Amino acid sequence: MIVQIAGNVKFPITLDPTVWIFDDRKMTLTEAFQPEKAEPSAEEEDELKRQSLRFDREVYQQKLNPPVNKSINRYEKQRIMNGTFLMPLKPFLHTSEPNKDVEKATLLTDEGEQVIDADDLAESLLLFSENGKPLRNEGPVHLYYKDGSNKSSPIKGIKKIVLQ
Numbered sequence: 001m002i003v004q005i006a007g008n009v010k011f012p013i014t015l016d017p018t019v020w021i022f023d024d025r026k027m028t029l030t031e032a033f034q035p036e037k038a039e040p041s042a043e044e045e046d047e048l049k050r051q052s053l054r055f056d057r058e059v060y061q062q063k064l065n066p067p068v069n070k071s072i073n074r075y076e077k078q079r080i081m082n083g084t085f086l087m088p089l090k091p092f093l094h095t096s097e098p099n100k101d102v103e104k105a106t107l108l109t110d111e112g113e114q115v116i117d118a119d120d121l122a123e124s125l126l127l128f129s130e131n132g133k134p135l136r137n138e139g140p141v142h143l144y145y146k147d148g149s150n151k152s153s154p155i156k157g158i159k160k161i162v163l164q
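Printed below as a string of C-alpha cells:
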C-alpha cells in the first residue's frame, strides 16, 4: 500500500496513502472536479471572513507541516468514514526535488508502464480513498489529471513513479 517516487530526483521518497485521510490537503471528488463557483455576494463574503477569523483564532495557533487535523469533529469523522478523497501530488514532488531537466514520468502500474508529461504529473491528483476505505483493488492510488480529462478512466494501480 505504498507508492515510491524515484528516478531523476534528489530525494527518492516513499508515500503511504493510508495516512492521507488525516491530512488537511485532501479533497473530495466533487471538490476537485466541480466547476468554479461565481463570485460570492457581499453577504457571503462577510460570513466567510468571520468564519476565517474564527478558524484562525480557534484552530491553527501554530503552523503544521504537513497540515494535519488537530481534532476531528463528528461531521468530519462521518465525512472521513464515507468519503472519496484525492490528494494533490505537487507537494510530494516538491519534497523529492526533481532535477530541472525532468520532462517525463513513468508510472509503474499493475497493467505495466505508462509515460506522461512531468508537468501534467505535477498538477495531477491521486485518489486514495473510496467510500471511506483505502483502495485495495487496483490501488494503492489512481491518478486523475487536474482538468478532469481522464475522470472516467483514471490511471489505476500505481505502485511507483519514476521521473526522467
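Under the UniProt record's numbering, the first residue of the sequence shown carries the number 1, and numbering increases by one thereafter. Just so you know, even glycine gets a beta-carbon here, dropped at the ideal spot from N, CA and C. A quick note: this is a predicted structure, and the numbers were derived from the prediction, not measured.
Worksheet item: For L48, does the count of other Cβ atoms within 10 angstroms reach 16, so buried, or fall short, so exposed?
Response: Its Cβ having fewer than 16 others within 10 Å, L48 is exposed.
Worksheet entry | Of the listed residues K151, N99, R74, I80, nearest to A6 (C-alpha basis) | N99
Worksheet item: Taking 7 Å as the CB-CB limit, is K26 close to chain B?
Response: Protein chain content of the structure displayed is limited to a single chain, and chain B is not contained in it.
Worksheet item: Counting only runs that start and end within the segment 59-141, where is the beta strand (DSSP E) found for 3 or more residues in a row?
Response: 85-88, 104-109, 112-117, 125-130
Discussion item. So, at 6 Å on beta carbons, what are the nonlocal neighbours of P134 in its own chain, with the 5 sequence-adjacent residues on each side left out?
Written reply: Sequence-distant partners of P134 (beyond 5 residues in either direction) whose C-beta falls short of 6 Å from its own C-beta, in its chain, are T18.
Worksheet entry | Under the three-state DSSP convention, the category K151 falls into | coil
Fill in: Candidates D46, D117, F92, M81: closest to F22 by CA position
M81
Worksheet item: Taking just the CA atoms, how far does I116 sit from N152?
Response: It should be pointed out that residue 152 corresponds to Ser in this sequence rather than to Asn. One C-alpha to the other measures close to 17 Å.
Worksheet item: What residues in its chain sit with their C-beta under 8 Å from that of Q51, if we drop five residues either side in the sequence?
Response: none
Practice prompt. Please classify H142: is it buried, with 16 or more other beta-carbons within 10 angstroms of its beta-carbon, or exposed?
Written response: buried
Worksheet entry | Identity of the residue in K10, V9, L108, F33 nearest S124 by Cα | F33
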